[in-house]
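The sequence shown lines up with residues 1 to 275 when you count with the UniProt record's numbering.
Glycine residues also receive a C-beta, built at the ideal position from the N, C-alpha and C atoms.
Step one of this worksheet: look at the structure below.
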Amino acid sequence: MVATPIGNRGDFTSRALDVLRQADVIAAEDTRVTGLLLKHYGISTPMVSLREHNERGMAEKLVSRMQAGEVVAQVSDAGTPAISDPGAVLVATAHAAGVPVVPIPGASALTTALSAAGFTAPHALFYGFLQPKSGQRKAELAQLQALPFQIVFYEAPHRILECLADLVEVLGPSREAVLCRELTKTFETIRRGSLAELHAFVAADSNQQRGECVLVLDAAAAQPKAAGDEYDSLLLPLLAELPLKQAVALAVQISSAPRNLLYERALQLKKAGDT
1 MVATPIGNRG DFTSRALDVL RQADVIAAED TRVTGLLLKH YGISTPMVSL
51 REHNERGMAE KLVSRMQAGE VVAQVSDAGT PAISDPGAVL VATAHAAGVP
101 VVPIPGASAL TTALSAAGFT APHALFYGFL QPKSGQRKAE LAQLQALPFQ
151 IVFYEAPHRI LECLADLVEV LGPSREAVLC RELTKTFETI RRGSLAELHA
201 FVAADSNQQR GECVLVLDAA AAQPKAAGDE YDSLLLPLLA ELPLKQAVAL
251 AVQISSAPRN LLYERALQLK KAGDT
């Protein structure tokens with residue numbers, strides 16, 4: 001699994017180049033794109049096309065070749081294969097057949113964008129591409145809005161403006177994010193601001209609606225805990241089986257917590273359940 005540059009050819013590692021020269025065959029997402037890259041470095045290794053629509057069948061053929069002793073190098077059009085790109089099926093097929101899988105690390109839009117974002121939340125979620133239609137995209141975002149992680153999205157240039165509009169609508173205009181466009185390329189853009197500011201920035205400059213985009217969303221702010229929520233695991237099953245007063249009375253006996261605290265929390269839980 002060979003990582004190739006996401007833009008700047010200077011990010012190609014010497015190890016990756018050696019592997020591509022020595023491999024028996026290169027499995028490429030688009031042989032035309034990879035062919036230009038190989039030509040630049042004088043690499044003449046034969047290629048086969050491994051794309052989304054033929055990945056399963058081609059994976060079986062390539063694993064058979066590996067079992068016969070050949071070395072197969074998998075690349076995507078840019079960056080690290082199998083990350084929102086073909087490659088994972090080939091890797092899984094190789095594992096199942098007992099064929100060694102060797103990652104050759106290098107450029108990745110995911111890690112490049114995270115390193116340039118500057119958010120301090122200790123955890124990050126790579127989401128990849130959102131749904132292309134607005135309604136489905138909003139539904140996805142609604143499920144993600146409260147997560148306490150940085151979230152990384154990939155987005156196509158022709159959808160970046162409407163995607164930002166949906167982010168503003170669902171997550172709120174003040175949520176912080178970073179737009180990374182054309183990473184490592186000549187017209188690289190790295191812009192940090194609120195979602196509203198980023199939407200206005202992209203809307204005002206058509207050049208920002210061209211090229212591959214990565215969005216890094218800051219983690220959601222921690223929500224204040226409700227008083228007595230530490231007793232939810234006790235109250236919820238009791239409320240499911242008993243009237244409110246009996247559930248609270250039993251919870252007081254079990255926990256020795258103040259009755260008023262448990263009663264107020266039970267009311268909140270019951271109301272939430274009814275709605």
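| Query | Result |
| --- | --- |
| Assigned exposure category for P86 - 16 Cβ within 10 Å defines buried | buried |
| Buried versus exposed call for G7 [16 or more other C-beta atoms within 10 Å across all chains shown] | buried |
| Contact check, Q208 vs R181, beta carbons under 8 Å | yes |
| Q145 and A220 closer than 8 Å at C-beta | yes |
| Cβ pair count under 8 Å reaching 3, the region 104 to 115 against the region 75 to 92 | yes |
| Paired residues, beta bridge with V48 - DSSP | A27 |
| Sequence-distant residues of its chain with Cβ nearer than 6 Å to F119 (five each side left out) | Q150, D218 |
| Closest Cα partner of S206 within the set L239, L238, I160, G228 | I160 |
| A177 vs L215 beta-carbon contact at 8 Å | yes |
| Rounded distance between the beta-carbons of V168 and L195, thought under 8 Å | 5 Å |
| 8 Å Cβ shell around R15 - same chain, five flanking residues per side excluded | I104 |
| Nearest candidate by alpha-carbon position, reference D232, set C213, L20, V252 | V252 |
| Span separating the alpha-carbon of P243 from that of A113 | 52 Å |
| 8 Å CB neighbourhood of T34 in its chain, flanking five on each side removed | T4, I26, A28, M47, V75, D77 |
| Helix, strand or coil at V33 according to DSSP, with G and I counted as helix | helix |
| Outcome for T93 when other beta-carbon atoms lying within 10 angstroms are tallied against a minimum of 16 | buried |
| Boundaries of the beta strand (DSSP E) in which E188 is found, first to last residue | Here E188 belongs to no beta strand (DSSP E), and DSSP marks it neither H nor E. |
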